[in-house]
Every structure is written in C-alpha cells, then in structure tokens.
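In this note's numbering, the protein residues as written are 36 to 216. Using N, Cα and C, we set each Cβ at its ideal position, and we do this for glycine too. Because the structure is a prediction, the values reported are computed rather than measured.
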C-alpha cells in the first residue's frame with residue numbers, strides 16, 4: 036500500500052540527481068500514462084482514499100479472540116507524530132492529515148484522551164501555520180483541516196466517522212448470499 040501512497044510511511048520522497056520529472060512523479064505516487072502525469076485533483080483523491088483506508092484499519096475494533104493488531108491505534112499515534120516531524124507540502128499535507136484525523140480521530144481521542152487533545156492543539160497552533168504558509172491560495176484542503184481542528188478543540192471531541200462499526204459488529208450475524216444460488 037505504501038508503494039502507492041508513500042505518505043502512509045509517512046515519507047516525502049526527495050528528488051534525486053538525474054531523476055526525470057516523470058520518475059519523480061511516480062516515486063511520489065502519481066500515475067503516469069503514456070508520459071502524462073495524472074491531474075492534481077485525481078492524485079489528491081487517490082491519496083485521500085488510501086489514507087482513509089489505512090485510518091479505518093487502525094481504528095477498527097478487532098474480532099473476538101484476536102489480541103494483536105499490527106496496525107492498531109498505536110500506529111495511528113505514531114503516524115501522526117511522524118507526519119508532524121515533516122515539513123508540510125502544498126495541498127497534500129492538509130489533505131491527508133484531515134482525512135486521517137476525520138476517520139481515526141475519534142478512536143485516537145478514546146484511546147489517548149487529554150494527550151490527543153494536546154496533540155490537536157499543537158497541530159492547530161504550531162503545525163497548521165506551516166501548512167498554510169506552503170499551501171498559499173490552495174484553500175480547499177487547508178480550510179477543511181482548519182475547520183475540523185477548531186471544532187474538535189472547541190468541543191473537546193472528535194465525532195465518529197461515517198460508517199463507524201463498533202466492537203458489537205462482530206457479534207451480529209451477517210449473511211451474504213452467493214451469486215447464482
């Protein structure tokens with residue numbers, strides 16, 4: 036998954052000497068078809084989907100009898116703190132940070148409580164100005180992140196994400212019919 040989205044590590048791929056723009060774009064997760072790099076909107080949308088998927092995995096409750104989650108909530112905390120140790124990039128940093136927090140923030144708040152509140156405050160007051168500075172007039176992702184952070188800090192909570200499944204999900208019976216039967 037991280038080959039498709041290096042931000043899952045998180046890692047900003049540096050451009051190397053002699054590397055073409057096309058090679059560099061590919062190393063950052065862009066799709067390149069017949070020498071044409073995908074649009075920024077498509078790229079941000081794909082990265083958003085991959086980050087949301089990872090955030091959903093780390094915040095999901097485990098089925099009964101499963102004790103260890105190699106990608107549990109602790110990895111979510113580590114991902115955010117590692118992300119904050121990187122200098123932000125235009126648009127992508129605001130996009131993936133918002134997506135991650137929107138999906139996994141509720142579980143992180145439940146697990147870490149006051150420490151997570153402090154982290155949100157630090158993001159809002161220390162890291163967000165850096166994001167805003169590098170993003171300039173590209174306001175959509177930046178505005179979404181700012182609004183989200185302010186609401187979380189003001190209400191001292193992060194809402195459950197759409198489609199959230201509680202631990203009780205595993206106790207319910209699901210029946211999926213097989214096509215053709």
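Any Cβ of chain C within less than 7 Å of the Cβ of residue i?
{"i": "residue 122", "result": "Protein chain content of the structure displayed is limited to a single chain, and chain C is not contained in it."}
Check whether the Cβ atoms of residue i and residue j lie closer than 7 Å to each other.
{"i": "residue 193", "j": "residue 118", "result": "no"}
{"i": "residue 78", "j": "residue 89", "result": "no"}
{"i": "residue 125", "j": "residue 169", "result": "yes"}
{"i": "residue 86", "j": "residue 135", "result": "yes"}
{"i": "residue 171", "j": "residue 139", "result": "no"}
{"i": "residue 146", "j": "residue 108", "result": "yes"}
{"i": "residue 72", "j": "residue 80", "result": "no"}
To the nearest angstrom, report how far apart residue i and residue j are at their CA atoms.
{"i": "residue 47", "j": "residue 96", "result": "30 Å"}
{"i": "residue 190", "j": "residue 142", "result": "16 Å"}
{"i": "residue 129", "j": "residue 180", "result": "6 Å"}
{"i": "residue 63", "j": "residue 115", "result": "19 Å"}
{"i": "residue 196", "j": "residue 94", "result": "10 Å"}
{"i": "residue 52", "j": "residue 75", "result": "24 Å"}
{"i": "residue 120", "j": "residue 67", "result": "29 Å"}
{"i": "residue 152", "j": "residue 54", "result": "42 Å"}
{"i": "residue 122", "j": "residue 131", "result": "14 Å"}
{"i": "residue 186", "j": "residue 50", "result": "37 Å"}
{"i": "residue 103", "j": "residue 92", "result": "13 Å"}
{"i": "residue 100", "j": "residue 148", "result": "26 Å"}
So if DSSP puts residue i in a beta bridge, which residue, or which two residues, is it bridged to?
{"i": "residue 68", "result": "71"}
Take residue i and list the residues in its own chain whose beta-carbon comes closer than 7 Å to its own, dropping the five residues that flank it on each side.
{"i": "residue 184", "result": "155, 158, 159, 163"}
Spatial neighbours of residue i within its chain, please: CB distance less than 6 Å, with the 5 preceding and 5 following residues excluded, ordered by chain position.
{"i": "residue 40", "result": "64, 82, 85"}
Just verifying my parser: in three-state terms, what is the DSSP assignment at residue i?
{"i": "residue 96", "result": "coil"}
{"i": "residue 62", "result": "helix"}
{"i": "residue 140", "result": "helix"}
{"i": "residue 76", "result": "helix"}
{"i": "residue 134", "result": "helix"}
{"i": "residue 222", "result": "Residue 222 is absent from the model: the chain starts at 36 and stops at 216."}
{"i": "residue 83", "result": "helix"}
{"i": "residue 117", "result": "helix"}
{"i": "residue 124", "result": "coil"}
{"i": "residue 51", "result": "coil"}
{"i": "residue 197", "result": "coil"}
Less than 8 Å between C-beta atoms, sequence neighbours within five positions excluded: which residues of the same chain meet that for residue i?
{"i": "residue 133", "result": "176, 179, 180, 183"}
{"i": "residue 70", "result": "57"}
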